[in-house]
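Going line by line, the protein sequences match chains A and B.
Quick note, the working numbering runs 2 ahead of the 1-based positions in the first sequence.
Quick note, the working numbering runs 46 ahead of the 1-based positions in the second sequence.
Ideal Cβ placement from N, Cα and C applies to all residues, glycine included.
Shown next, in structure tokens, is the structure this report addresses.
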Amino acid sequence: MNVKNIFNPRNILILIGVGIALAIPLMFNASQYVMLLMTTVLLYAILASAWNIIGGMAGQLDLAAAAYLGLGAFTTGTLLIRWNITPWVGMFLGGLVATALAMLIGFPLFGFKVKELWYALSSSALVVVLQSLFMMWNEVGGPTEKYLPIGTSPWYSLRFNNYMPYYYIMLIILVVVLLVNRWIRYSKLGYSLMALGEDEDAVEVLGVNSQSSKLKALAIYAFICGVVGGIFASIYGYVHPAFFDTSMSMEITILGIVGGMGFIYGPALAAIIMVSFREILRASLGSQLAGLYLAVYAIILIVVALYQPRGIAPLVERGLKKAQTYFVELTRGRRADIKSH
Amino acid sequence: MLETATQGIITGILMGAIYALIALGLSIVFGIMNVTNFAHGDFVMLSMYLSFAVGSALAWDAVATPLITAPLMFLFGIITYYLLIDRTLRQMYVVQLAVTVGLQILMRSVALIIWQAQPRALQYSFIQGNIQIAGFEILTSRLFSAVVSLIFIAGMAYFMNKTWAGRAMRAASDDLGAASLMGVNYHKTYALTFAIGSSITALAGGLVMSFQQTDPVGGIRFGLLSWAVLALAGLGSLPGLIVAGIIVGVVESLTVSFFDPRSRLLGVYAIFILVLWLRPRGLFGRR
């Protein structure tokens with residue numbers, strides 16, 4: 003990066019964002035409720051950013067985020083409950099289990115070139131199927147919650163009595179996922195995926211193996227969801243088949259679309275805005291009528307999707323470009339030739 | 047063993063006819079407008095609630111409620127079309143997904159607000175009881191629903207092939223540009239199509255309410271079932287839809303009687319995935 007450019011609006015915004023994210027727990031230290039809320043927001047931001055790899059870049063409308071999340075949660079939970087294996091190991095194994103299932107589903111689906119709609123439907127059905135499977139599998143799941151033991155050390159069992167550690171763990175994962183997004187976006191895989199999202203046949207003719215590119219994207223996405231699922235189980239302190247939540251999967255997909263498909267920060271930004279908004283609605287309306295906050299939230303999602311179909315990231319980009327021009331003019335004494343960015 | 051199987055198959059065939067009816071609404075919307083309505087199952091859920099509301103307010107039998115709920119759902123379909131679907135037609139495909147999934151969340155939460163989370167059911171239908179044939183039990187309400195479904199599907203086949211409105215729909219599905227040149231206003235045709243698809247769920251909802259209860263998340267199951275039927279049948283064949291509905295119904299029923307009631311969707315999902323892998327245009331599809 004150019005040293006002269008390091009103070010451009012984009013980097014300043016990133017710095018401010020990271021600063022706020024780091025400072026929030028100190029600001030609201032007293033309120034565990036706010037910490038849980040912020041952790042939930044980060045959870046959605048991570049999942050939506052992971053979705054961006056398979057959905058935003060590769061154009062595959064995956065609706066199975068909660069399937070992979072649930073698998074990660076159950077793997078981590080079961081390992082801790084049965085064999086006292088720390089979630090620090092469990093979450094990565096959970097990620098691997100999720101990836102394995104994703105490969106099992108994705109290999110034939112991509113191989114037979116199942117088209118977007120049918121891929122979306124079969125991934126959405128996967129969540130329902132896993133839920134009923136884990137409902138029946140009493141050793142691991144079953145209709146009652148299986149609680150994670152607290153054990154001797156909270157760091158070993160990843161069971162804290164406040165939400166702050168979870169918040170920072172989630173924050174670190176979000177940064178990592180965003181960096182992974184950035185790395186993929188500007189790698190050979192990313193260019194293949196972006197092209198795939200546009201026109202699959204043309205890309206095939208140019209010698210890109212679309213099946214293996216899509217499988218790689220799906221594997222990374224499922225792995226991230228699985229790892230986050232492990233932490234999800236630790237935060238809630240139990241595992242239950244309700245973790246396989248179709249509504250949550252769909253919400254992740256909508257956040258990815260509303261954020262701006264293919265923009266690295268878009269889905270995370272959408273998640274931060276929309277999920278905070280949803281939780282505020284839940285806090286203010288939830289006590290009066292169950293479901294009212296979701297109705298308002300759904301209407302806003304629909305309106306954003308209809309009137310800003312390319313997502314909110316392009317809006318931000320436009321704003322940033324204006325700010326950049328203004329900034330450069332300000333620092334370099336209004337040189338006319340810079341205006342034509 | 048054999049008796050359980052036969053009993054399961056009989057129940058499955060009867061349910062399958064109703065699944066075919068539910069999938070018919072989806073098939074019309076998807077086949078003609080190429081609109082993917084992810085909320086279709088929730089249209090069925092809403093219809094069932096409307097049927098519950100009408101049935102309990104007027105003390106009507108569940109099977110009579112479509113007389114009122116079908117016009118209501120027709121209206122709901124027209125409003126939904128002009129308010130949401132029409133605006134997504136020229137957008138990217140994902141916008142349609144986002145909008146219909148948003149609609150799904152909206153319908154589910156509205157149902158939760160109005161009718162709360164506990165399941166709702168109507169009084170036993172006047173067509174309760176069962177018929178015994180060769181030792182097998184046939185629930186009269188299901189038999190009645192299956193027969194009505196089949197008659198309605200046959201009527202729909204007639205409508206699509208013989209009337210101007212039906213032909214206009216099929217023309218718009220084959221070649222939108224040419225149909226527009228021949229004087230078909232596609233906004234109106236699409237609105238009519240969507241409204242018909244939506245009012246079919248009202249009929250299906252009334253029939254299902256004669257022997258089942260409804261809850262706010264019941265839409266997921268009907269959505270998955272009708273997409274599975276549609277994937278199996280392929281587009282453009284109404285008899286195919288009936289056969290596919292029956293296959294799905296029988297598989298579901300056999301999974302329930304031989305394996306576990308909680309696994310009812312597993313067999314359906316297995317068929318769905320296999321069809322997508324092996325025969326993406328369905329068993330009877332024309333494209």
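Near residue i, which residues of its chain fall below 6 Å by C-beta distance, leaving aside the five closest residues on each side in sequence?
| i | result |
| --- | --- |
| GLY268(A) | GLY261, GLY262, GLY313, ALA315 |
| GLY212(B) | PHE205, MET206 |
| ILE87(A) | LEU81 |
| GLY264(A) | GLY58, MET59 |
| GLY108(A) | LEU217, LEU220 |
| GLY101(B) | ALA108, THR111, LEU168 |
Quick check on the burial criterion: 16 or more other C-beta atoms within 10 angstroms. Buried or exposed for residue i?
| i | result |
| --- | --- |
| PRO27(A) | buried |
| SER342(A) | The pLDDT assigned to SER342(A) is 49, lower than 50, so where the model puts this residue is not dependable; a value taken from the coordinates is nonetheless given after this. Flag for SER342(A) reads exposed. |
| VAL177(A) | exposed |
| TYR309(A) | exposed |
| PHE240(B) | buried |
| TYR328(A) | exposed |
| GLY192(B) | The sequence shown places Ala at residue 192(B), rather than the Gly named in the question. Buried, by the Cβ-count rule. |
| GLY251(B) | buried |
| VAL129(A) | buried |
| SER189(A) | exposed |
| ASP220(B) | exposed |
| PHE318(B) | buried |
| MET3(A) | Since pLDDT at MET3(A) reaches only 45, below the 50 mark, its modelled position is unreliable, and the value read off the structure follows with that caveat. Exposed, since its Cβ has fewer than 16 Cβ neighbours within 10 Å. |
| THR333(A) | exposed |
In chain order, what residues of the same chain lie with their CB nearer than 7 Å to the CB of residue i, ignoring the 5 residues before and after it?
| i | result |
| --- | --- |
| GLY175(B) | THR186 |
| LEU63(A) | GLY57, GLU118, TYR121, ALA122, THR255 |
| LEU312(B) | THR301 |
| LEU45(A) | MET172, VAL230, PHE234 |
| GLY258(A) | ALA50, TRP53, ASN54, GLY57, GLY58, PRO269 |
| ILE184(B) | ILE56, ASN176, ILE177 |
| PHE98(B) | ARG166, LEU168, MET255, THR260 |
Please list the terminal residues of the continuous alpha helix (DSSP H) segment that includes residue i.
| i | result |
| --- | --- |
| GLU118(A) | 118-138 |
| GLN142(B) | 139-161 |
| ASN164(A) | From DSSP, ASN164(A) is part of no alpha helix (DSSP H); its letter is neither H nor E. |
| ILE266(B) | 265-279 |
| ILE319(B) | 310-324 |
| VAL297(B) | 284-304 |
| SER244(B) | 232-255 |
| ALA85(B) | Premise fails: ALA85(B) is in no alpha helix (DSSP H) and is neither H nor E. |
| VAL306(A) | 294-309 |
Thinking C-alpha only, which one of the options is nearest residue i?
| i | options | result |
| --- | --- | --- |
| SER350(A) | GLY21(A), TYR149(A), THR42(A) | Any answer about residue 350(A) is impossible in this case: the structure gives chain A only from 3 up to 343. |
| VAL81(B) | ALA237(B), THR247(B), PRO307(B) | ALA237(B) |
| VAL351(A) | ALA221(A), TYR193(A), LYS115(A), TYR223(A) | Because chain A in this structure spans residues 3 to 343, residue 351(A) falls outside the shown range and cannot be described. |
| TYR165(A) | GLU147(A), GLY96(A), VAL330(A), SER33(A) | SER33(A) |
| PHE246(A) | SER286(A), TYR169(A), LEU65(A) | LEU65(A) |
| PRO243(A) | ALA127(A), LEU39(A), ASN140(A) | ASN140(A) |
| ILE64(B) | GLY201(B), SER244(B), PHE190(B), ALA224(B) | PHE190(B) |
| TRP161(B) | MET119(B), THR146(B), TYR139(B), PRO262(B) | PRO262(B) |
| GLY54(B) | PHE182(B), TRP210(B), GLN258(B) | PHE182(B) |
| GLY72(A) | VAL318(A), MET276(A), ARG320(A), MET250(A) | MET250(A) |
| TRP273(B) | LEU129(B), THR50(B), GLY71(B), THR52(B) | GLY71(B) |
Return helix, strand or coil for residue i, following the three-state DSSP convention.
| i | result |
| --- | --- |
| PHE279(A) | helix |
| SER342(A) | In this predicted model, SER342(A) has a pLDDT of only 49, less than 50, meaning its place in the structure is not dependable; the value taken from the coordinates is given anyway. In this structure, SER342(A) counts as coil in the three-state DSSP scheme. |
| LYS115(A) | coil |
| THR42(A) | helix |
| THR111(B) | coil |
| ASN211(A) | coil |
| VAL330(A) | helix |
| THR260(B) | strand |
| TYR158(A) | helix |
| TYR149(A) | strand |
| ARG320(A) | helix |
| TYR240(A) | strand |
| ARG327(B) | coil |
| MET47(B) | coil |
| ARG136(B) | coil |
Over the uninterrupted beta strand (DSSP E) stretch that includes residue i, give me the two end residues.
| i | result |
| --- | --- |
| PHE182(B) | 182-185 |
| GLN178(B) | 176-179 |
Can you check whether the C-beta of residue i is within less than 8 Å of a C-beta belonging to chain C?
| i | result |
| --- | --- |
| ILE317(B) | No chain C appears in this structure, whose protein chains are A and B. |
Whose C-beta lies closer than 8 Å to the C-beta of residue i among residues of the same chain, with five residues either side of it excluded?
| i | result |
| --- | --- |
| LEU181(A) | none |
| VAL205(A) | SER194, ALA197, LEU198, SER212 |
| LEU222(B) | TYR232 |
| ALA217(B) | ALA224, ALA225, MET228, VAL230 |
Say the cut is 7 Å; is the CB of residue i nearer than that to a heavy atom of the ligand GDP?
| i | result |
| --- | --- |
| GLY264(B) | The ligand GDP is not among the ligands present in this structure, which contains no ligands whatsoever. |
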